[in-house]
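Those letters in the sequence shown? Residues 2 to 410, by our numbering. For glycine and all other residues, C-beta sits at the position ideal for the given N, C-alpha and C. Data block below; observations after.
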Amino acid sequence: MTKTFGPGDILSFTLTTSGTKAASSAQAPTGSKARPANQNQTEDFLLIAAFTSSIRSVIGAERREARYPFSKIFPVWKRSNVVYSVSTSKRKPLVTEMAQGLDSTTHVFFAPSFQESGLPLWNQRYIQLGKGTFKGTVSVLTFGKLTLIEETINVSVGQTTCPPDGTIAVVFPAHRSELGTINGEVRSDKAFVHVGGREITVSGAENCRAYYLLVQQTDLPEFDFRKFGAITPVAPSLHIAEMSAWLASLFAGTWQPKIRLSGRTDQVLSEILLDRVKDILTEIQQKASIAPLRGTFSYSLFLKAQRFIDDYDDAIMSVTRLTEELNIPPHILRAAFVQTTGVSPRLWLRQRALDRARRAMLDPAQACKGVSQIALECGFFHFGRFAGYYAETYGELPIVTIRNTLSIR
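Right under this line is the structure:
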């Protein structure tokens, strides 16, 4: 079904559940402090609110007219016994401002070192492995007991990441390229649980997108997270796919700060999602087939190499020195790096050195040293080759980075 809407249209809905027809509006139920007895009906009203917001994101004020198939913007979290019909009128704005809003912020980043601090209170370090000008976004949506995060990255990045201690992160990868490595294992999971305070190593392809549902462990007292691994995949199911798509539609509809949900909707929605998280954790506990990712032998070798590099001056580090220190053949070291990060140890060391130089050039306090001094400090003694590597990775010459940094000082 395709319908044309103008900027003054308002949507009205007819909801049919289990053969009983009842009219509803874009607003969720308000007024009563008691939670509706019918949990499914509550979810239906919340879906309508998210649907309305999604349409608003498509039919923005800057668009005079929009044609869009409903199947692409309607949240898929619906059941077969629920039927929605949509009509329009010209009497009111598309979405009216309601009483209680969602605290939503979006930040755009143009360097991995900036984006690694974009997830609130997470401990992360990003190294750009792919070629091209970096661009990433982090959108944070907070309501009730939950924090929802959407993160996008356009180039391949290697990262160590760790949610805040005392939290649980349910992660929903949503990018087109589903293959990535986690602790040295190639994974294509639709969702996994990451325990806060426990670091993992991730290497993803370009154009990555993921959604994070962050919950405090104190809100999940029935689970002993000491028995959980750092990261555990969630068994694939239609329920997980629907939840991921619904989170995507929620972000699509709340990027504008003036969107409002009515009454206790944010609290009810928080409770519904918290129940979903409990279902996921219960399934992990009950199914012996769902095992945490312990990390491979290659991953353990990579961690040893990384610790050695961190303890010494990596500006003069070489693959030969690494193999001698770890007492392993070069081909074993290469296999460990390729399996964990997707690149050879030689390329990884070079990208790490380039990342160190990039961070210095983006820091006004260090950028004044100049290209040559920074290159030498990061282990590059051939300035022309350094400039070539830098431009190939980041899409600009190092002198351009320094000039831009000092110009905004």
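Restricting to Cα atoms, I'd like to know which of the options is closest to residue i.
i: Ala112; options: Ser204, Leu327, Lys132 and Thr106; result: Lys132
i: Pro293; options: Thr143, Ile333, Lys228 and Thr283; result: Lys228
i: Ala231; options: Phe193, Leu122, Trp349 and Gly396; result: Phe193
i: Ser140; options: Tyr212, Cys163 and Leu130; result: Tyr212
i: Tyr395; options: Lys136, Gln160 and Ala336; result: Lys136
i: Gln1; options: Arg335, Thr148 and Ser250; result: Past the boundaries of the shown model lies residue 1; the chain is included only from 2 to 410, so the question cannot be answered.
i: Leu122; options: Leu130, Thr162, Phe110 and Thr202; result: Thr162
i: Leu142; options: Glu243, Arg386 and Leu251; result: Leu251
i: Val339; options: Leu130, Phe115, Gly145 and Phe110; result: Leu130
i: Val235; options: Gln116, Ser345 and Gln286; result: Gln286
i: Asp225; options: Thr283, Thr321 and Ser114; result: Thr283
i: Leu270; options: Leu323, Phe298, Val320 and Leu214; result: Leu214
i: Glu223; options: Asp280, Phe144, Met318 and Phe173; result: Asp280
i: Asp311; options: Gln217, Arg126 and Arg386; result: Arg126
i: Arg347; options: Glu397, Leu323, Glu117 and Lys370; result: Leu323
i: Ile150; options: Gly181, Ala253 and Lys370; result: Ala253
Given this structure, state the Cα-to-Cα distance separating residue i from residue j, to the nearest angstrom.
i: Glu200; j: Ser408; result: 37 Å
i: Val401; j: Lys288; result: 54 Å
i: Thr89; j: Asp220; result: Confidence at Thr89 is low in this model, with a pLDDT of 36, below 50, so the placement of that residue is unreliable and no value is reported for it.
i: Thr233; j: His195; result: 7 Å
i: Ser373; j: Gln307; result: 26 Å
i: Thr341; j: Glu152; result: 22 Å
i: Ala247; j: Ala206; result: Looking at the sequence provided, one finds Trp at residue 247 rather than Ala. Approximately 24 Å, taken between the alpha carbons.
i: Trp349; j: Ile329; result: 18 Å
i: Gly197; j: Ala249; result: 23 Å
i: Ser238; j: Phe173; result: 13 Å
i: Phe309; j: Ala388; result: 27 Å
i: Gln160; j: Ser345; result: 16 Å
i: Ile56; j: Val216; result: Legend: pLDDT at Ile56 = 39, less than 50; position of this residue unreliable, no value from coordinates given.
i: Arg386; j: Thr321; result: 21 Å
i: Pro399; j: Ala392; result: 7 Å
i: Asn184; j: His240; result: 26 Å
i: His332; j: Glu117; result: 32 Å
i: Lys146; j: Pro365; result: 39 Å
i: Phe218; j: Phe382; result: In the sequence on display, residue 218 carries Gln and not Phe. Each residue's Cα considered, the two are about 49 Å apart.
i: Glu397; j: Lys370; result: 18 Å
i: Phe144; j: Gly181; result: 30 Å
Leaving out the 5 sequence neighbours to the left and right, which residues in its chain are closer than 6 Å to residue i when beta-carbon positions are compared?
i: Cys209; result: Ile154 and His176
i: Ala368; result: Met362, Ile403, Thr406 and Leu407
i: Ala358; result: Ile375 and Cys379
i: Leu302; result: Ala337
i: Ala354; result: Cys379 and Gly380
i: Asn124; result: Cys163
i: Glu325; result: none
i: Phe298; result: none
i: Asn41; result: Interpretation of Asn41 is limited by its pLDDT of 49, a score under 50 that renders its predicted location unreliable; the figure taken from the coordinates is listed afterwards. Contacts found: none.
i: Ser114; result: Arg360
With the cut-off set at 8 Å, would you say residue i and residue j are in Cβ contact?
i: Leu377; j: Thr406; result: no
i: Thr107; j: Thr138; result: yes
i: Ile128; j: Val156; result: no
i: Lys305; j: Leu334; result: no
i: Arg360; j: Tyr390; result: no
i: Thr202; j: Tyr300; result: yes
i: Gly343; j: Ser245; result: no
With a threshold of 8 Å between beta carbons, is residue i in contact with chain D?
i: Val109; result: Absent from the structure is chain D; it holds one protein chain and no more.
Near residue i, what residues of its chain come up, given a Cβ to Cβ distance below 7 Å and the 5 sequence neighbours on each side ignored?
i: Gly119; result: His108, Phe110 and Val139
i: Ala242; result: Lys191
i: Asp356; result: Ile128 and Gln129
In its own chain, which residues sit with a C-beta less than 8 Å from the C-beta of residue i, not counting the 5 before and 5 after it?
i: Phe384; result: Val372, Ser373 and Ala376
i: Ser319; result: Leu350
i: Ile317; result: Gly380
For the ligand MG, is there a heavy atom less than 7 Å away from the beta-carbon of residue i?
i: Arg335; result: Judged by which ligands are present, the structure shown has none, so any question about the ligand MG falls away.
request  = State whether the region 272-284 contacts the region 158-168, with contact taken as three or more CB pairs (one from each stretch) at a distance under 8 Å.
outcome  = no
query = Is it true that the region 293-302 meets the region 180-190, where meeting means three or more beta-carbon pairs spaced less than 8 Å apart?
reply = yes
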